[in-house]
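Structure record follows, encoded as structure tokens.
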Amino acid sequence: MNNTARLTLTLALALAAYAGAEACTSLIATAGATAEGSTMVTYAADSHTLYGELYRQPAADHAPGAMRHVVEWDTGRHLGEIAEVPHTYATIGNMNEHGLTIAESTWSNRPELAGSGLIDYGSLIYITLQRARTAREAIDTMTSLVARYGYASEGESFSVADPHEAWIMEMTGKGAADPGAVWVARRVPDGYICGHANHSRIHRFPLSDPETLYSPDVISFARDKGYFDGPDSEFSFSRAYAVTDAGALRGCDARVWSYFNRHGAADMTPYLDWILRGRGEPLPLWVPARTPLTARDLKWMMRDHFEGTPLDMTADIGAGPFDSPYRWRPMEYTVDSVTYTHERAIATQQTGFSFVADMNDGRHDAAKGILWFGVDDANTCVYVPVFSSTDVVPPSLSSENADLYTLSWESMFWVNNYVANQAYNRYSQMIPDIRRVQGALEDGAESAVADALAAIADMPYDSAQTALRNLTTATAADVTARYKNLGDYLLVKYLDGNIKKEADGRFARNEEGMPVQPVFGGYNDRYFRSIVGDAGERLRVVEPELESNSEY
Numbered sequence: 210m211n212n213t214a215r216l217t218l219t220l221a222l223a224l225a226a227y228a229g230a231e232a233c234t235s236l237i238a239t240a241g242a243t244a245e246g247s248t249m250v251t252y253a254a255d256s257h258t259l260y261g262e263l264y265r266q267p268a269a270d271h272a273p274g275a276m277r278h279v280v281e282w283d284t285g286r287h288l289g290e291i292a293e294v295p296h297t298y299a300t301i302g303n304m305n306e307h308g309l310t311i312a313e314s315t316w317s318n319r320p321e322l323a324g325s326g327l328i329d330y331g332s333l334i335y336i337t338l339q340r341a342r343t344a345r346e347a348i349d350t351m352t353s354l355v356a357r358y359g360y361a362s363e364g365e366s367f368s369v370a371d372p373h374e375a376w377i378m379e380m381t382g383k384g385a386a387d388p389g390a391v392w393v394a395r396r397v398p399d400g401y402i403c404g405h406a407n408h409s410r411i412h413r414f415p416l417s418d419p420e421t422l423y424s425p426d427v428i429s430f431a432r433d434k435g436y437f438d439g440p441d442s443e444f445s446f447s448r449a450y451a452v453t454d455a456g457a458l459r460g461c462d463a464r465v466w467s468y469f470n471r472h473g474a475a476d477m478t479p480y481l482d483w484i485l486r487g488r489g490e491p492l493p494l495w496v497p498a499r500t501p502l503t504a505r506d507l508k509w510m511m512r513d514h515f516e517g518t519p520l521d522m523t524a525d526i527g528a529g530p531f532d533s534p535y536r537w538r539p540m541e542y543t544v545d546s547v548t549y550t551h552e553r554a555i556a557t558q559q560t561g562f563s564f565v566a567d568m569n570d571g572r573h574d575a576a577k578g579i580l581w582f583g584v585d586d587a588n589t590c591v592y593v594p595v596f597s598s599t600d601v602v603p604p605s606l607s608s609e610n611a612d613l614y615t616l617s618w619e620s621m622f623w624v625n626n627y628v629a630n631q632a633y634n635r636y637s638q639m640i641p642d643i644r645r646v647q648g649a650l651e652d653g654a655e656s657a658v659a660d661a662l663a664a665i666a667d668m669p670y671d672s673a674q675t676a677l678r679n680l681t682t683a684t685a686a687d688v689t690a691r692y693k694n695l696g697d698y699l700l701v702k703y704l705d706g707n708i709k710k711e712a713d714g715r716f717a718r719n720e721e722g723m724p725v726q727p728v729f730g731g732y733n734d735r736y737f738r739s740i741v742g743d744a745g746e747r748l749r750v751v752e753p754e755l756e757s758n759s760e761y
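Here this note's numbering is used: the first residue of the sequence shown is 210, the next is one more, and so on.
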């Protein structure tokens, strides 16, 4: 087995636990929409069965006739082989050495259109990252691959971006009788923001525009299948090929709506009717940015739970006594024959990893891409800097000593879960402590990156690569250790429903060295009122009505 085949199979085994990883979010900001002229893409790989780690494939040269194994990303199933190219680029996470980044989200297509080809969506991403330098090259590579070998997945949206351009591409298979795919790709206009979150986002598109690309049969195939019978100018890719139901809108488009609502210049209130009822105009594919965005803005967008909107997850009794923006599955439930839903926000507990990719051609070649990478829940993780030149995975971000069923305190994924899972139960009380440590660590990482970029400005590539690699490794180790300490602190401070008092940075003791009486945090007023509404008569305190008796 050649090196490429071995690496491919290794990656597949690492990703085999990714089954059901369909609930992902990707947000896009073009260079003209960001403060430093960077193109930015985010991604959350949300799955109940994914261990969060950083994947890497080194650059390699391949002999004529070399073949590459294709292994399905979700299942580890071997799909076949394809011809290798003479040289493949190094990748780190979802970014390659040139700063090209590709993210995705899966959506439900018409059931009869399940892909029957050779290349699944996950393999398509990583093969392309190894073969393309720019976003346009990537789109050409992806579409050429599925044209030659066929497509093996269901509906998919891709964010494809380099330091200069950002594109959204959507693709679906053609069913059992045809291994190919139909697709459309659109360049996001400069100064605009875009996003996708498990529902097809491209509706009508211009048919004669160099910034819009599509498969030659994208409309004719829909006509042949009976999905569309209007004029070409009215063709909607989404309406033709995707399943548009309540879950697709409220559970998926709503996440993009929240991004546009917070950072877009347009008034998004009218589109709530689309989100909640499927009425009116569909959510725009992109909107102009309200103000220039930073990587920090996008980190916090990945922590969104619809706060301050009509969908705010802390605003109903489902948030419980501690205003928690989390809901356990199932998402839908039935009461008295009526179906209801929990909101599905960008930030969720079942995330393997997430990132904010910052691509900028004005930086040193070793840092054209900065992948701010986090594991576990984006809301409580710490994003650490990983560079497009990074050639070593930090131990705390690898799967060498841990996985989803093997706990290790050397693993950032497990340490972050240690912190997050304590907070889920007493969110309003614990989150200030988490934010304090999380903020300090991210502030420090951003400052360290700024210093490093200045320091490497005139260094040769190899020296700069070494300096940046050392920064990534040191930051990952520090974050892992500091978050383990944070988890210990939370356990001690909030033990048994109490809140220990602190003085001078330590838990308070009296003059005799004994613990000071803790605070009893209790519950919020809304929760008390819900109890009274449910069982108030039974729980009401009634003073005893004692008769006077001289014997007492």
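C-beta atoms are modelled at their ideal positions from N, C-alpha and C, and glycine is treated no differently. If you're wondering where the values come from, they're calculated on a predicted model, not measured in any experiment.
| Check | Outcome |
| --- | --- |
| For residue 180, the residue or residues it bridges with in DSSP | It is not possible to answer for residue 180, since the shown part of the chain is limited to 210 through 761. |
| Unbroken beta strand (DSSP E) run spanning residue 313, endpoints | 310-316 |
| C-alpha distance - residue 364 paired with residue 287, whole-angstrom precision | 20 Å |
| Residue of 660, 670, 694 and 750 minimising C-alpha distance to residue 680 | 660 |
| Any 3 or more C-beta pairs closer than 8 Å across the region 696-703 and the region 631-647 | yes |
| Residue 276 - containing beta strand (DSSP E), residue span | 276-280 |
| Inter-residue spacing [alpha-carbon to alpha-carbon] between residue 744 and residue 530 | 16 Å |
| Spatially closest choice to residue 307 from 517, 322, 578 and 447, by CA coordinates | 578 |
| Buried versus exposed call for residue 755 [16 or more other C-beta atoms within 10 Å across all chains shown] | exposed |
| Residue 550 and residue 467 closer than 8 Å at C-beta | no |
| Under the three-state DSSP convention, the category residue 266 falls into | strand |
| Assigned secondary structure, residue 520 (DSSP; H/G/I helix, E/B strand, else coil) | coil |
| Local conformation of residue 742 per DSSP, three classes | helix |
| Opening and closing residue of the alpha helix (DSSP H) in which residue 472 lies | 463-472 |
| Cβ contact check for the region 233-251 and the region 498-511: 3 or more pairs under 8 Å | yes |
| Inter-residue CB distance, residue 407 and residue 332 (contact presumed, cutoff 8 Å) | Not really, about 20 Å apart at Cβ, beyond 8 Å. |
| Any 3 or more C-beta pairs closer than 8 Å across the region 538-545 and the region 259-272 | no |
| Beta-carbon spacing of residue 565, residue 581 below 8 Å | yes |
| Beta-carbon proximity of residue 310 to residue 303, cut-off 8 Å | yes |
| Nearest candidate by alpha-carbon position, reference residue 559, set 510, 524 and 613 | 613 |
| Local conformation of residue 230 per DSSP, three classes | Legend: pLDDT at residue 230 = 45, less than 50; position of this residue unreliable, no value from coordinates given. |
| Through-space distance from residue 733 to residue 348, alpha-carbon basis | 51 Å |
| Reference residue 431, options 482, 390 and 523, closest by Cα | 390 |
| CB contact flag (residue 393, residue 423, <8 Å) | yes |
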